[in-house]
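**Student:** Encoded as structure tokens, here's the structure I'll be asking about.
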Amino acid sequence: MTMKQASEALANKTVTSVELTQSYLQRIKEKDVEIHAYLEVFESHALEQAKASDERRAGGEVLSEIDGIPLAIKDNMLIEGEHATGGSKILEGYVAPYDATVIQKLKAAGAVFLGRVNMDEFAMGSSTERSAYGITRNPVDLERVPGGSSGGSSAAVAGDLCVAALGSDTGGSIRQPAAFTGIVGLKPSYGTVSRYGLMAMASSLDQIGPMTKTVEDAAMLYQVIRGEDAHDQTTVNTPAFRFEKRTDLKGVRIGIPKQAWGEGMTPGVRQECGAALEKLKELGAEMVEIDLPYMDEALAVYYVLMPCEVSANISRFDGIRYGLRAPGLPLLETYGQSRLQGLGEEVRRRVMLGTYALSRGYYDAYYRKARKVQTLIRRAYTAAFEGVDVIVTPTTPSPAFKIGEKIHDPLAMYLEDIYTVGVNVAGIPAVSVPCGKTDGLPVGLQFIGAQFKDDQLLSIASAFESAS
Amino acid sequence: MALNRTDIIRLAELSRLALTEDEMSRMEQTIDPILNYVGRLGEVNTDGIPETESFEDARALRVDEAIPASQSTHDEIVANFPDKKDGLLRAPAVFDHPKS
Numbered sequence: 002m003t004m005k006q007a008s009e010a011l012a013n014k015t016v017t018s019v020e021l022t023q024s025y026l027q028r029i030k031e032k033d034v035e036i037h038a039y040l041e042v043f044e045s046h047a048l049e050q051a052k053a054s055d056e057r058r059a060g061g062e063v064l065s066e067i068d069g070i071p072l073a074i075k076d077n078m079l080i081e082g083e084h085a086t087g088g089s090k091i092l093e094g095y096v097a098p099y100d101a102t103v104i105q106k107l108k109a110a111g112a113v114f115l116g117r118v119n120m121d122e123f124a125m126g127s128s129t130e131r132s133a134y135g136i137t138r139n140p141v142d143l144e145r146v147p148g149g150s151s152g153g154s155s156a157a158v159a160g161d162l163c164v165a166a167l168g169s170d171t172g173g174s175i176r177q178p179a180a181f182t183g184i185v186g187l188k189p190s191y192g193t194v195s196r197y198g199l200m201a202m203a204s205s206l207d208q209i210g211p212m213t214k215t216v217e218d219a220a221m222l223y224q225v226i227r228g229e230d231a232h233d234q235t236t237v238n239t240p241a242f243r244f245e246k247r248t249d250l251k252g253v254r255i256g257i258p259k260q261a262w263g264e265g266m267t268p269g270v271r272q273e274c275g276a277a278l279e280k281l282k283e284l285g286a287e288m289v290e291i292d293l294p295y296m297d298e299a300l301a302v303y304y305v306l307m308p309c310e311v312s313a314n315i316s317r318f319d320g321i322r323y324g325l326r327a328p329g330l331p332l333l334e335t336y337g338q339s340r341l342q343g344l345g346e347e348v349r350r351r352v353m354l355g356t357y358a359l360s361r362g363y364y365d366a367y368y369r370k371a372r373k374v375q376t377l378i379r380r381a382y383t384a385a386f387e388g389v390d391v392i393v394t395p396t397t398p399s400p401a402f403k404i405g406e407k408i409h410d411p412l413a414m415y416l417e418d419i420y421t422v423g424v425n426v427a428g429i430p431a432v433s434v435p436c437g438k439t440d441g442l443p444v445g446l447q448f449i450g451a452q453f454k455d456d457q458l459l460s461i462a463s464a465f466e467s468a469s
Numbered sequence: 420m421a422l423n424r425t426d427i428i429r430l431a432e433l434s435r436l437a438l439t440e441d442e443m444s445r446m447e448q449t450i451d452p453i454l455n456y457v458g459r460l461g462e463v464n465t466d467g468i469p470e471t472e473s474f475e476d477a478r479a480l481r482v483d484e485a486i487p488a489s490q491s492t493h494d495e496i497v498a499n500f501p502d503k504k505d506g507l508l509r510a511p512a513v514f515d516h517p518k519s
């Protein structure tokens, strides 16, 4: 059931929130044994929230369009009084002492929280194989990964184990899992959604966003969570959000960057995404080949800036104030052993990479250089958007890979992000929309928008979806 | 540039990470290809190009003032301490052999 359908069914009183929540809890019991999207189901709390929503509605009070709708939350966002682990052993048993801003907003809108869903540890990974709490399987093909790091969210939405979910995206962690499981995933413009209460990975790149069954649902959920927040100084006051469901693309100029459509993608992805371009043309869009340089460099910039920020952000997990502490050791050994026992290898690798790139003698060559190339990348996108409304690329070079296929080759895993990271480096919005299947596996098409034009981006993506 | 075992040990120390022997060799093998990949940035001409600014205006600045937390928030934070005594966080000694 889509969010729009659920919202209408609740409004027409053809279903109650308790019934809806119960049906999802039942589905989770039946299906999630094999998928393992959920790390914890908040059964009694969810039913209480649903009951409260039904009582409000019966009394003539409805908080929002999403009042009473059951959602899944990625395990790196804090819900007061619930466990939150970030997929890491170091936070096993941690209980969130406050609500993340997005959770506060969802509560104020009347949402129901079904549970917290799996992820690569502290959002570092592209397959959800890097969770300390077991892997999540792709509902489309159980032998394959659901993408990552928001793989619990993508699997929960694709497996219909929730109406919609929240994910977070630092280099593609919403869009790639959306593509792998055949759902919609929006990485909003940086600064439009508060990161307060989101476990920080790379603070200048992290952004929370909706993972949903339709573009319209993504717009609905985004509208609830967006907005300036005094608790996150990087949030900005942006113009009103005006999403419009479209069925044609007359007057829309779509940029096709030649760098993204060259080598590197599988024939199946090329075929499905190529057919999607024809569809966009049929809808009336004007297709413009554009030059978007620095695509390979964007990945390199990302794999310098991200680990640098990771090394700083992960330093808080030292065994002192919360989480796992290796007992009975002097201070320095307490740090080292707690981080050995509590943090997984990929997190540790990125901490070391970041420490290296920030260390004396290398700071200029890596960090400072990456910040300069980042400026060039931002300028390239700004220049591109002078001539087009959106840019379209595949979301990923290949469909969902097999479990275990890339786990021992970090660089191969990083190359998964080639089409998605530029968007984070530039701070602009992008959405992955399903565009057909290859060998039974979903393919995602990525629409990239200009900064703060998230509404225009989603409106254009909705036209493509309506024709699919 | 190739990282040798001494570099890895030094990096682990700086990162406050203890590494197992196995992990040490895996780090040696996996970090190098990544550094080689990002090394391509050195070929980009950035003469006269400024670094990207994270915070473009004074929005990033605010008064640094303590906001009182509720008793329940206080209790939840204390409950998360891995080791505590009388409601206070207990941490290992900074010095191995403190002066008596």
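Here the protein sequences come in this chain order: R and Z. The first sequence begins at 2 in this note's numbering and counts up by one. The second sequence begins at 420 in this note's numbering and counts up by one. Virtual Cβ for every residue (Gly too), placed ideally from N, Cα, C. Source: prediction; values computed, not measured.
(1) Looking only at its chain, what residues have a beta carbon closer than 7 angstroms to the beta carbon of R/L359, apart from the 5 residues adjacent to it on each side?
(2) As a quick exercise: from R/K280, R/E287, R/A12 and R/K30, pick the residue whose alpha carbon is nearest that of R/D390.
(3) Near Z/A477, what residues of its chain come up, given a Cβ to Cβ distance below 8 angstroms and the 5 sequence neighbours on each side ignored?
(4) Is the Cβ of R/S360 closer than 8 angstroms to any Cβ of chain Z?
(5) Considering only their Cβ atoms, is the gap separating R/V42 from R/L26 smaller than 8 angstroms?
(6) Check each candidate in Z/S434, Z/E447 and Z/L438 and name the one with the smallest Cα separation from Z/N423.
(7) So Z/A431 contacts chain R; which residues on that side make the cut at Cβ distance below 7 angstroms?
(8) Show which residues of chain Z have a CB atom less than 7 angstroms away from the CB atom of R/I321.
(9) Taking only the alpha-carbon atoms, compute the straight-line gap between R/R317 and Z/A488 and give it to the nearest angstrom.
(10) Which word fits Z/T439, buried or exposed, when buried means at least 16 other C-beta atoms lie within 10 angstroms of its C-beta?
(11) Report yes if the C-beta distance between R/I104 and R/S8 is below 8 angstroms; otherwise report no.
(12) Going residue by residue through the region 355-432 of chain R, where are the continuous alpha helix (DSSP H) segments of at least 4 residues, counting only ones entirely within it?
(13) Taking only beta carbons into account, state which residues of the region 481-513 of chain Z come closer than 7 angstroms to chain R, listed in chain order.
(14) Using 8 angstroms as the limit for Cβ to Cβ distance, is Z/S434 near chain R?
(15) By alpha-carbon positions, which one of R/M2, R/G87 and R/S65 ends up nearest to R/A165?
(16) On the DSSP bridge list, what partners appear for R/A165?
(17) Would R/A301 and Z/L460 qualify as a contact pair, given that the criterion is a beta-carbon distance under 8 angstroms?
(18) Under 8 angstroms between the Cβ atoms of R/L79 and R/A101?
(19) Which residues in chain R have a C-beta closer than 7 angstroms to the C-beta of Z/R424? List them in chain order.
(20) Quick check: R/V185 and R/V444, are their CB atoms within less than 8 angstroms of each other?
(21) So is R/S127 in contact with chain Z if we call contact Cβ pairs under 8 angstroms?
(22) Reducing DSSP to helix, strand and coil, say where R/I67 ends up.
(23) Between R/M202, R/F181 and R/D207, which lies nearest to R/T193 when the distance is taken from Cα to Cα?
(24) Where are the alpha helix (DSSP H) runs, 4 residues long or more, that stay fully inside the region 3-38 of chain R, in chain order?
(25) If we define contact as Cβ-Cβ less than 8 angstroms, is Z/M446 a contact residue for chain R?
(26) Identify, in the order they occur along the chain, each residue of the same chain with its Cβ nearer than 8 angstroms to the Cβ of R/A85, setting aside the five sequence neighbours on each side.
(27) Just how far apart, CA to CA, sit R/T15 and R/Q6?
(28) Using a Cβ-Cβ cutoff of less than 7 angstroms, which residues in the same chain neighbour R/Y197 once the five nearest sequence positions on both sides are dropped?
(29) Quick check on R/E62: buried or exposed, where buried means 16 or more other Cβ atoms within 10 Å of its Cβ?
(30) Cβ closer than 9 angstroms: which chain Z residues qualify as neighbours of R/V302?
(31) Please confirm whether R/V424 has its beta-carbon closer than 8 angstroms to some beta-carbon of chain Z.
(32) Please confirm whether R/K373 and Z/T465 have their CB atoms less than 8 angstroms apart.
(33) Identify every residue that forms a DSSP beta bridge with Z/L535.
(34) As a quick exercise: from Z/G458, Z/T425 and Z/A431, pick the residue whose alpha carbon is nearest that of R/R351.
(35) Compare the C-beta of R/K407 against all C-beta atoms of chain Z and say whether one is closer than 8 angstroms.
**Tutor:** This is what the structure holds:
(1) C309, S312 and Y368
(2) R/E287
(3) In this prediction, Z/A477 has a pLDDT of 48, which is less than 50 and means its spatial position is unreliable; nothing more can be read from the coordinates.
(4) yes
(5) yes
(6) Z/E447
(7) M353
(8) A510
(9) 21 angstroms
(10) exposed
(11) no
(12) 370-388, 411-416 and 422-427
(13) R481, T492, E495, I496, A498, N499, F500, P501, D502, L508, A510, P511, A512 and V513
(14) yes
(15) R/M2
(16) R/L72
(17) yes
(18) yes
(19) Simply none; closest approach about 13 angstroms.
(20) no
(21) no
(22) coil
(23) R/D207
(24) 4-12 and 18-36
(25) yes
(26) D76, N77, M78, L79, L92, Y95, V96, A97, R117 and M200
(27) 11 angstroms
(28) A101, T102, D230, H232 and D233
(29) exposed
(30) V457 and L460
(31) no
(32) yes
(33) In the structure displayed, chain Z extends from 420 to 519; residue 535 of chain Z sits before or after that span and is not available.
(34) Z/A431
(35) no
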